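Numbering (the working numbering), first residue to last: 1 to 341.
In structure tokens, the structure reads:
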């Protein structure tokens, strides 16, 4: 009969050497459902095991780091998930975690897939300091964005670069200082970490990264706006001004995009503005938002400025229709000017 052993199961992922029980005891606990195996040799208390794919992916990454002898660092999509950076969709989560390893820290090992050798300065690595993923080593925000920018289409790259640049800008200034007239030095400083990460990387993906860097702007407030700006650039349409202030009879408003030569405003909307959520409160909030947006649009158009809208989903996945409409409006309204009061 097995000897009864009393032990407290850790609140974090653990290996056999972390607990005062034998491997056979862990095997029996796993069969009983008390603990679950993340990967071979790494376990977690069953009631702590997350159900969503993103969290399980990150737990898998942490477990692989625990088992691996070299200082591998989670990177690319895996790091973006850990840092809360925008990805194209939930389908962008890779089947297995992705890792980088500095050549000075060890060679690529075939036993653990998707480990790439690349220069990895200490300032390009951050460590999750709390929660279930405590101890997970991931590439920094700027490094993660630039790694992915060398591989992704421009509109997806811009979501990442703008998000990282905006985080840096908000570390230096208040949100209000990123609207209207913005200090040029603040914009330069917000992009600086991305430029430094770009300089460390090699030739592969260099052109893609460089083009994305030229367009990066911390003033954009959502992934939809970032994707829209990239689609407008790729389509060869005139470059709009962003976060321009409009003074109206019902208040001051800042718009996503503005083409002064055509007196045209472009607004990229998230679906939640109009469709709300599953609760009555959510839908009521969405209805109020719809009314507010309509009043705002009417006030702007009283100044002789046309407002055109599209959804973030269209900017990301179905750009042709709204880009065609935008191109038509820019052509029809060229050389127009807003009315002054």
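No residue lacks a Cβ here, since even glycine has one placed at the ideal position from N, Cα and C. Since the structure is predicted, the reported quantities are computational estimates derived from the model, not experimental observations.
The secondary-structure analysis by DSSP pairs residue 264 across a beta bridge with 259, 306.
Here residue 176 carries a helix assignment [DSSP, helix/strand/coil]. The straight-line gap separating the alpha-carbon atoms of residue 187 and residue 221 is approximately 14 Å. Annotation note: the region 19-64 contains the following uninterrupted beta strand (DSSP E) runs of length 3 or greater, listed N- to C-terminal: 35-39, 42-45. The criterion of a C-beta distance shorter than 9 Å is not satisfied by residue 97 and residue 156. In the DSSP assignment, residue 148 falls within the unbroken alpha helix (DSSP H) covering 141-149. The Cβ atoms of residue 201 and residue 165 do not sit closer than 9 Å to each other.
The C-beta separation of residue 245 from residue 178 comes to about 12 Å, leaving the pair out of contact by the 8 Å criterion.
The residue from 68, 65, 81 with its alpha-carbon nearest to that of residue 53 is 81.
Taking 9 Å as the cut-off, the beta carbon of residue 58 is found closer than this to the beta carbon of residue 136. Straight-line measurement puts the Cα of residue 317 at about 28 Å from the Cα of residue 140.
For residue 100, there is no enclosing alpha helix (DSSP H); the enclosing beta strand (DSSP E) covers residues 99-101. For residue 221, there is no enclosing beta strand (DSSP E), since its DSSP letter is neither H nor E. Setting aside the 5 residues that flank it on each side, residue 189 is surrounded in the same chain by 168, 169, 172, each with a C-beta closer than 8 Å to its C-beta; the list follows chain order. Residue 252 sits in a strand when the DSSP states are folded into three classes.
Looking at the DSSP output, residue 126 shares a beta bridge with 138. Closest in C-alpha terms to residue 204, from the list 266, 226, 151, 225, comes 151. Looking from the CA of residue 11, the closest CA among 159, 48, 19 belongs to 48. Taking each of 319, 321, 334, 315 in turn and checking the Cα distance to residue 306, the smallest one comes out for 334. Under the three-state reduction of DSSP, residue 241 is assigned to strand. Annotation for residue 117: the continuous beta strand (DSSP E) segment containing it runs 115-117.
Residue 310 places its beta carbon 9 Å or farther from that of residue 330. Taking C-alpha positions only, residue 247 is separated from residue 180 by approximately 11 Å.
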